[in-house]
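Under this note's numbering, think of the first position of the sequence shown as 14, with each following residue one higher. Where is the CB? At the ideal position from N, CA and C, for every residue including glycine. All figures in this text were calculated on a predicted structure; none of them were measured in a lab.
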Amino acid sequence: MGARHPRRAWSPGAGPVPYARDTVEAIVLLHQPDQLVWRWSANVVYTAKSCYRSTFQGSRACPAWKLLWKTWAPPRVKFFHWLANKDRCWTAERLRRRGLQHHPRCLLCDQEPESMHHLTLACPFSRQVWYDTLSWLRLPCRPPDNEPTLHDWWTTARQHTPKPMRKGLATATLLVPWLIWKHRNSCVFDGVQPSIQSVNDKIKTEAALWARAGALGLRAVLPVDWDDRTWHQFTYQEGTTHAPGNAQRVQQHLIKLADGGHGVILVANLPSGADQG
Ligand SMILES: [Zn+2]
């Protein structure tokens, strides 16, 4: 070390550290009182704005922040995409890197190794789901074609989408990969067989629920008759139940959303007298 960095060679008793001494000796002292300065602004004056910005020193911005931050989607879906952007989801590719047990090929197509990029943008299974969803939503953009990232595809697709439909496109951009990932998890953990029709049905059901929950941009791109058709699937049933911790019988309305006749996937309890419309 001493030979390679002779200026840093130092031993106890040899006096001040040489490079520190050089640094100190290069400082010119003035006959002016010392003063504190704020280094995070150009004019060395403290401002709350410069203080806030200083907290981001050394941080790296997520390229897809605008898509995640400004798009309507449930928080858990945004959180999934944030993890996917940071490559923190346990795909087979990540399991392989950690030396953990993994399946050799994508369970959805059985053709390529599974990575988040493959699952969301390159997998033939996923591309067919994208194609079906964009057709159903009447979005004029093309489905993903092996773009480097989901954000890259969204940026390109946005340019080919009329302005009133762009919020719907952004929400669909978060919705589709999330349900593909959930379907993939069902295949891995529950032994479910891959089914494009199943994913498409779940996308339609979820899209209708998101639109009713406040995704106005998504509502704008849903088929005109879809919302009414979905709402007709709600059936009302009056029932009685006990309030928790209270023996008093409370009249409630039970709203059930039928899942294509296969079962009830949502049951919401409304207080008696709540507006059913
Ligand atoms: Zn695949």
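Within this structure, are the beta carbons of V189 and T162 separated by less than 7 Å?
On the sequence shown, position 176 is the one that residue 189 refers to. On the sequence shown, position 149 is the one that residue 162 refers to. No. Outside cutoff.
Using DSSP with H/G/I as helix, E/B as strand and the rest coil, what is N159?
Here residue 159 refers to the residue found at position 146 when the sequence shown is read from its first residue. Coil.
Going by the C-beta, is C64 closer than 6 Å to any heavy atom of ligand 1?
Locating residue 64 in the sequence shown gives position 51, where the first residue counts as 1. The answer is no for C64.
By how many angstroms is the C-alpha of L134 removed from the C-alpha of Y144?
Here the question's residue 144 lines up with position 131 in the sequence shown. Here the question's residue 134 lines up with position 121 in the sequence shown. If I take the Cα positions, the gap works out to 11 Å.
Excluding five sequence neighbours on each side, which residues of the same chain lie with their C-beta closer than 8 Å to the C-beta of C200?
Here residue 200 is taken as the residue at index 187 of the sequence shown, counted from 1. Here C200 has L120, L121, Q206 and P207 as same chain residues with Cβ atoms under 8 Å from its own Cβ, once five neighbours each way along the sequence are excluded.
Going by alpha carbons, who is nearest to H164 out of Y59, R73 and L80?
Taking the first residue of the sequence shown as 1, we reach residue 164 at position 151. Put simply, of Y59, R73 and L80 the residue whose alpha carbon is nearest the alpha carbon of H164 is L80.
Hey, would you say the C-beta of C154 is under 6 Å away from at least one heavy atom of ligand 1?
Locating residue 154 in the sequence shown gives position 141, counting from the first residue. Every heavy atom of ligand 1 is 6 Å or more from the Cβ of C154, so no.
I'd like the ranges of any alpha helix (DSSP H) spanning at least 4 consecutive residues and lying wholly in the region 142-200.
Those alpha helix (DSSP H) runs which fall completely within the region 142-200 and span 4+ residues are 163-172.
For ligand 1, any of its heavy atoms closer than 6 Å to the Cβ of C200?
Position 187 of the sequence shown, counted from the start, is the residue given in the question as residue 200. No, ligand 1 has no heavy atom inside 6 Å of this Cβ.
Within its chain, find whatever has a CB closer than 6 Å to the CB of H255; leave out the 5 residues flanking it on each side and keep chain order.
Position 242 of the sequence shown, counting from 1, holds the residue named residue 255. Residue placement at H255 is flagged as unreliable, the pLDDT there being 38, under the threshold of 50; the coordinate-derived value follows with that caveat. Answer for H255: no residue qualifies.
How close, in whole Å, do the beta carbons of V212 and L192 come, if the pair is a contact with beta carbons under 8 Å?
Within the sequence shown, the letter at position 199 stands for residue 212. Within the sequence shown, the letter at position 179 stands for residue 192. With a Cβ gap of about 6 Å, V212 and L192 count as contacting.
Exposed or buried, what is C292 when buried is set at 16 or more other beta-carbons lying within 10 Å of its beta-carbon?
Since the first residue of the chain shown is 14 and the last is 290, residue 292 is not available in this structure.
Selected residue, minimal CA-CA separation from M178, among N159, L152 and F202:
Within the sequence shown, numbered from 1, the residue matching residue 178 stands at position 165. The candidate whose alpha carbon is nearest that of M178 is L152.
Nearest-angstrom Cα separation, counted from A74 out to I209:
Within the sequence shown, residue 209 is the residue found at index 196, counting from 1. Within the sequence shown, residue 74 is the residue found at index 61, counting from 1. Rounded to the nearest angstrom, the two C-alpha atoms are 34 Å apart.
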